[in-house]
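Numbering (our numbering) for the sequence shown: 132 to 481. The beta-carbon is built from N, C-alpha and C at its ideal position, and this holds for glycine as well. Keep in mind it's a predicted model, so treat the numbers as computed, not measured.
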Amino acid sequence: MDTEYSIADSKIYWTWRKETSAIAMELIETAIQKYKGDSHLYALVKSLVKRRKHRPSTRAAMVRCAFESVSSADWKKVAPLAAASELEMLSLYHLNHLLDHKGGELYGSLDEKIVAAGLTRGVATELFVNSIKNHAEAGLLIYDFERIDIAVHEGWYVDLLQLNWDALSLSENDFMTLYEKRCELMNGELFAISSSMATKIAGASDEDQADFRQIGKYYGIINQMVNDIGDFVPPEQSGETVGKLADDAYSDLYNGRLTLPIFLAWNKGSRRTKELINKAQNNNFHLSDAMELTKCMIKDGVFTDCRSVISDYAKKADLHKRKFSKESFIENIFLMAEGNRYFSIIENIK
């Protein structure tokens, strides 16, 4: 294979990405038709699917990219995996929405959302298993897919029960060890596993499978870190990007979920920055404080430092992605995260 990679033309890339998402979404909508006979049940399953319908899926794109980087065959061979990966994310978002007390207009009550999460996960598994049941390594592929769910739950343990306000007293090294573990489990493993599975289905070598597992892992870590930064973009300036909803703004702070921006703001920020974080610790942080905190963090260089950390993870991914064809869209996918519009929004806040 080519030993260099380059940035593909953006129009070609977006056409490729929209096509990928459309095919994955078509499979998802077909898969949930089994519930259409019960309007209530169908609405539960369709609630998040509807919200994601016209948004390009990074999970599906990474699956296709991995497959096409090692094979000249039609990528639709792994389209069910791409669709199942997106459904898996939607299932987990239902649960995470509840765990983190997030906002938004998702369909139904607490009980209904729990049911929706389980049903969506079931459809994801069924869609994927039916597509590879005749594969020589079907058992290993199914195990890998189940591992995604396990990893995210392990990540929630770190996120909800370890990286709380008490973790502000950790050393920077100890915090970063826990934080990387959280990002890898909550997001990195989904991309790592689905990417390596795509290469396995393509018949790639063990080495190429291992490389794409690392590429997916580092992309997922970056994706999660960008998501954490997006928490500090005021909702009126946000919208949705990298899977984050505008009405989730400041939810990590409200709920005492210690992320990299909060840790750096506490340890390197001004006195006023710490006063505002203290208000959150004492459940006295209001939306009126939000913009001031974001401005303080900008002045303190918090987001610049976060971006530097993200760049370090991108460099780690470079070691694994350079061997793949320059016609691949790997670099475009990474640059979309590294140059996420959250950064430009933050840079323009005065």
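Asked                                                                                                  : Found
For Lys447, the first and last residue of its enclosing alpha helix (DSSP H)                           : Val433 to Lys452
Any alpha helix (DSSP H) of 4 or more consecutive residues that is wholly inside the region 353 to 432 : 382 to 385, 391 to 399, 402 to 412 and 418 to 430
Met307: first and last residue of the uninterrupted alpha helix (DSSP H) it sits in                    : Glu303 to Cys314
Best match in Trp147, Ser152, Glu150 and Lys181 for proximity to Ile163 [C-alpha to C-alpha]           : Lys181
Cβ-Cβ distance between Arg323 and Gly286 below 8 angstroms                                             : For clarity, residue 323 is Ala in the given sequence; the question names Arg instead. Against a cut-off of 8 angstroms, the Cβ pair of Gly286 and Ala323 comes out as no contact.
8 angstroms Cβ cutoff met for Cys437 and Arg403                                                        : no
Alpha carbon of His185 to alpha carbon of Leu221, nearest angstrom                                     : 14 angstroms
Local conformation of Asp169 per DSSP, three classes                                                   : coil
Local conformation of Glu285 per DSSP, three classes                                                   : helix
Inter-residue Cα distance where the pair is Ile273 and Asp359                                          : 30 angstroms
For Ala267, three-class secondary structure by DSSP                                                    : coil
Simplified DSSP assignment, three categories, for Phe474                                               : helix
Element boundaries [alpha helix (DSSP H), containing Leu230]                                           : Ala210 to Leu230
Inter-residue Cα distance where the pair is Glu423 and Gly470                                          : 24 angstroms
Residue range of the alpha helix (DSSP H) that includes Lys481                                         : Element bounds for Lys481: n/a, residue is neither H nor E.
Closest by C-alpha distance to Glu311, when choosing among Asp297, Asp290 and Ser325                   : Asp290
Distance between Thr256 and Ser300 (C-alpha atoms, nearest Å)                                          : 41 angstroms
Lys149, DSSP secondary structure in three states                                                       : helix
Alpha-carbon to alpha-carbon, Leu179 and Asp383                                                        : 21 angstroms
First and last residue of the uninterrupted alpha helix (DSSP H) at Ala192                             : Thr189 to Val201
Cβ-based burial, Thr161 [other Cβ within 10 Å; buried from 16]                                         : exposed
C-alpha distance - Glu482 paired with Met328, whole-angstrom precision                                 : Nothing about residue 482 can be reported from this structure: the residues present for the chain run from 132 to 481 only.
Coil, strand or helix - Asn295 by DSSP                                                                 : coil
Ala333 - DSSP class collapsed to helix/strand/coil                                                     : coil
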